[in-house]
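Numbering (UniProt numbering), first residue to last: 1 to 1271.
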């Protein structure tokens, strides 16, 4: 036959299936040969960015003669072909899905009364598209949902003119954004990019002029099939074939002799393969597996298998298999009648045993129908995957699988079948139903439990795992789920991509000034070495992929492993001279390096300068004031980019030194009243005025002292030496805290006038120093020459407190805007000749004072109501705080968003020191506060990624990075954050980190496993400041003298930058050394805790904080119960005492147990309120006392120490005596007991009977004398 015989043209498959995928360009073709499940050409269902490839449906044209005999396939060589397709999504405009019965109500009923939108605005309908000829394309890209553009896919022709249709990218959203997804099927204001519609073709065959209109096909765009090689018992093909038989629709009749290979084996294989995706498939299938392994099975096995099948003709007559749900939720679903007939023929040995025949390789029209629909769900339709019960119950067909132009509505009236009608009953968004329908619903398309690739056992795990815990999770993370494919003799989940292969740069130190580089180089250090400056994070790789075979690799070993970094100027793409980077360290989440774990690899880099030519044009002469340098990191075809800035300007600045969170140009110290610091002869008094005078005199002295051997350089930067004091006094003497900043300037002629330094204190350890002059760094400008820092506010809470070198204004009568600080306004004169000059600024850090200053929740800048204000000490939220110094210079403003690591006008001291002991008390703790990034950062991140048809790589903006340093890896770390839900943190981590390092302890506490590094995501649900408590429990093998350092950083994923850092230093010391300071600490913390309202988010944190500190006091040997709140920390001031027994006298010779002379032994039990257990002493230590009851011989002198230790306000004494009889039982003396309370000063002296009067120490039969003295 030839083209001349063709009278009609049909499109196959009659129903094509395209599937969603978020890969922008990669796709694969749907199956075209029955039972053939070939993976994409490269073997992967995801592209190299872990995005799911779309499944395309390829439509072919076949010509038939007048007797419906197939003539041939028609391609571009046979004529001119014009394809037309029309995709639409009508879900939101359709009726509510209510199961197997039709609900007359419509979704989005609100729109019917809305003046802005109509129900048509809920339909996503870009209209019909057409293409003519080979290699042409048209996009379905103009559809809208409530005014928002929604892409539904495209159509394109191949080299032979066949048509490929691709669906959408899996985008589901709401208008407005972030509406909740609360129902499995019906969610108002939501849309997805599932679609369906007709496919038509017009063909003008060669040699003819009249076009032939094809019989149309239909395209359904469905969700991905995540187990593409596993089919369900009865597929959509089986259901529609049975429907054709039942309704007399033209179809291929039942085979008289079924083929074992093509008809029987697929049914058996589907049943057996389900065990790889659902637990119910893993029971009682031994016979089936035996038959699969030994086809076609024995007669006995065949009959047993057939005997357990439900009989679709009479459900009461057959067995109970398969256990599959119907649309109505029960388990009565049977195989189709045709399938039952085929199995019956097999059991009766009436089949064609063609197992050894070669596989079919020919593409046929009927084969295309079967191949397209066999991987689709045939039920239950609740609502389904590709289509709902609508296709089975309401649609009409012109022949098997080919939809008619009309369908029957609920009143059995014919309606035109329009684009979008097949899928309009489906869930909106589709991910909601996809999340809920676990178990036996559709495990062949939506697996329930799987074996992970690389697993050495057959241990099944949840397919969704930590990625999906809610409807919204499925919306966000569907593309991260894995595909179940056959590997060897089993099916395993592959391509699960919690994180994909990627490489990105985090800038820790992003700002370098020529002056700072100069200062290092002129100091004799070359190269000038700044570390850590950069982190390059590499994800999605196995250790072997990167040749990482051991932890703790040194820099030389890392050179061939670490990402290569290239530095280029953004202005001209040239490489800056004398500037480079060097890899220093590799941080592992799990240092045990599991071979199959795609953990994060964090590479640490320094930025190095061998000279300063990078700060000049390529001529080496012309300075560049400000320039951006691109930092390009590359590893195995992945790359990331960050930016650092080089500054060459004559403006005032401060140096950070080697560690930017411990600036060398900002120093702190404390001075006790009546003393002077080691670097100055100034002696401080004991009043506020004395403190102000001291800092003013000190800065004047500093500014009048030559730079050589300057006293500023003598202020210690040692962690312990430079600690500040939170209690107002120590040992009865006032303590004053101060800060001094050195501001440098390199100018030739012009002075830097009216330079100011603003000192601010964050109330505890902070992780976000992002500069925002409207919140944390507020200021008031009275006039151009008079600017003063104000309280930093966040969510109406105090975030930062300013400090000055002058007395504070009266908060009840004056506004804080009236504050002055003339001492900290200076003009810096140039040194000339490129030299450096400097001025010194300072402040009194009066945070340990008790004068009321500010309300906890200020609504203005004062004056404040007297009864509502608290002392700064009461507003402090941790034993250690973070100090930030800002150089304020009108001509060099700090840009919004700058940090101390990115701007040399900002510096900080951010160090937490918490001592520990071993093995007595090895737990340390401190509070901290996180300020989440601005909402706009989150918005930009989300939309920047969605614009690329790629859902966000992380559903959070901020994360904490814990660089554990030398902290022992067996330490236990918990984070208590009552503002956050622990489940949400764990869930967010599970959706974004391959390595499982976080675990829930309680509703608001998580445990972190310690490696080299741990990341903790901060969910976007919390936009207010987050208060927290970190607790570190060290292992028992630590030793005195060791010091452990850990750095905690807040990273903004949007900007790829560190927002702030603080360091925890843990020196290991003896309990005896620490007890006194720990008691003072508990006393002052309890004083602060008392002032925190119960509804403040700090309240529960301080409760836990003080409880843990109290436990430390107890383990150090103190008694926390008696320690009272005090701003001076003296609520638990203990006394060292000694109790000595002097003598005992035996009296009353009529005592029946004294026979002239006795042998005695005594025991004491001493208890104070500083010890947990009584101290017991037996005296004499050996033997007995020989005592007579006769006058002159009845006294024994002892002078035994019964107790030497501490007491606060309680001393309990108990002494008992025993006569040791040789022949009779031992006799007990009356016991002595006495309690002393109050101030121990009142206890001192000798206690005993006086002047023969009856006193406590006179027990009638015996008397006791002892003394209490200071130890």
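Cβ coordinates follow ideal geometry from the N, Cα and C atoms, glycine included.
Just so it is clear, the structure is predicted and the values come from calculations on it, not from any experiment.
| Looking at the structure shown, is residue 1178 part of a helix, part of a strand, or coil, going by DSSP? | strand
| Beta carbon of residue 194 nearer than 8 Å to that of residue 155 | no
| said: Comparing C-alpha positions only, which one of 514, 477, 591, 659 sits nearest to residue 496? | reply: Ranking the options by Cα distance to residue 496, first place goes to 477.
| request: Use the C-beta contact count for residue 428: other C-beta atoms within 10 angstroms, 16 or more gives buried, fewer gives exposed. | output: buried
| query | Out of curiosity, what's the CA-to-CA distance linking residue 1175 and residue 984? | reply | 50 Å
| request: Measure the C-alpha to C-alpha separation of residue 560 and residue 575 and round it to an integer number of angstroms. | output: 22 Å
| query | Residue range of the beta strand (DSSP E) that residue 434 falls in? | reply | That residue, residue 434, is in no beta strand (DSSP E); its alpha helix (DSSP H) goes 430-436.
| Are the region 224-242 and the region 34-52 in contact at 8 Å, needing three or more beta carbon pairs? | yes
| request: Could you have a look at residue 1154 and say whether DSSP puts it in helix, strand or coil? | output: Residue placement at residue 1154 is poorly supported in this model, since its pLDDT is 45, which falls under 50; the coordinates are not used for a value here.
| query | Applying the criterion that 16 or more other CB atoms from any shown protein chain within 10 Å of the CB defines a buried residue, is residue 116 buried or exposed? | reply | exposed
| Check whether residue 811 and residue 864 have beta carbons under 8 Å apart | yes
| task | Report yes if the C-beta distance between residue 1273 and residue 1215 is below 8 Å; otherwise report no. | result | For residue 1273 there is no data in the structure shown, the boundaries of the chain being 1 and 1271.
| message | Going by C-alpha to C-alpha distance, which of 777, 627, 1232, 7 sits closest to residue 898? | response | 777
| said: What would DSSP say about residue 789, mapped onto helix, strand or coil? | reply: strand
| message | Using only the alpha-carbon positions, how far apart do residue 73 and residue 367 sit? | response | 14 Å
| query | Are the beta-carbon atoms of residue 316 and residue 288 separated by less than 8 Å? | reply | no
| query | Exposed or buried, which one is residue 110 when buried takes at least 16 other CB atoms within 10 Å? | reply | Residue 110 is exposed by the Cβ-count criterion.
| query | Quick one: what's got a C-beta closer than 6 Å to residue 671's C-beta in the same chain, skipping five residues either side? | reply | 677, 684, 736
| What is the DSSP secondary structure of residue 1067, counted as helix, strand or coil? | strand
| message | What residue range does the alpha helix (DSSP H) around residue 1112 cover? | response | 1099-1116
| Candidates 389, 1075, 1138, 932: which alpha carbon is nearest residue 1117's? | 1075
| request: Report the rounded CA-to-CA distance for residue 24 versus residue 535, giving the unit in angstroms. | output: 30 Å
| field | Integer-rounded CB distance, given that residue 85 should sit under 8 Å from residue 197 | value | At roughly 6 Å, the Cβ-Cβ gap stays under 8 Å, so residue 197 and residue 85 are in contact.
| query | What residues match up with residue 876 in a beta bridge as DSSP calls it? | reply | Looking at the DSSP assignment, residue 876 forms no beta bridge with any residue, so it has no partner.
| query | With a Cβ-Cβ cutoff of 8 Å, do residue 530 and residue 512 count as a contact? | reply | Yes, the pair counts as a contact, with Cβ atoms nearer than the cut-off.
| query | Taking buried to mean at least 16 other C-beta atoms within 10 Å of its own C-beta, is residue 233 buried or exposed? | reply | buried
| task | Quick one: using the 10 Å Cβ neighbour count with 16 as the cut-off for buried, is residue 343 buried or exposed? | result | buried
| message | With the cut-off set at 8 Å, would you say residue 1062 and residue 910 are in Cβ contact? | response | yes
| message | With three or more C-beta pairs closer than 8 Å as the rule, is the region 515-529 touching the region 604-616? | response | yes
| message | Going by DSSP, what residue range makes up the alpha helix (DSSP H) through residue 367? | response | 365-373
| query | Got a sec? Which residues, its chain only, sit under 6 Å from residue 632 by beta carbon, not counting five neighbours each side? | reply | 566, 641
| task | Give the C-beta separation of residue 793 and residue 801 to the nearest angstrom, bearing in mind that I take them to be a contact with Cβ-Cβ under 8 Å. | result | Between residue 801 and residue 793 the Cβ distance is about 11 Å, and since that is not below 8 Å, they are no contact.
| said: Am I right that residue 33 and residue 363 are in contact with their C-beta atoms under 8 Å? What's the rounded C-beta distance? | reply: 6 Å
| Alpha-carbon spacing of residue 1265 relative to residue 1167, whole angstroms | Between residue 1265 and residue 1167, the C-alpha separation is close to 18 Å.
| Bounding residues of the beta strand (DSSP E) (the contiguous stretch that carries residue 631) | 626-635 is the span of the beta strand (DSSP E), which, as asked, contains residue 631.
| query | For the region 370-433, which segments carrying the beta strand (DSSP E) assignment without a break, of at least 3 residues, lie completely within its bounds, in sequence order? | reply | 395-399, 402-408, 414-416
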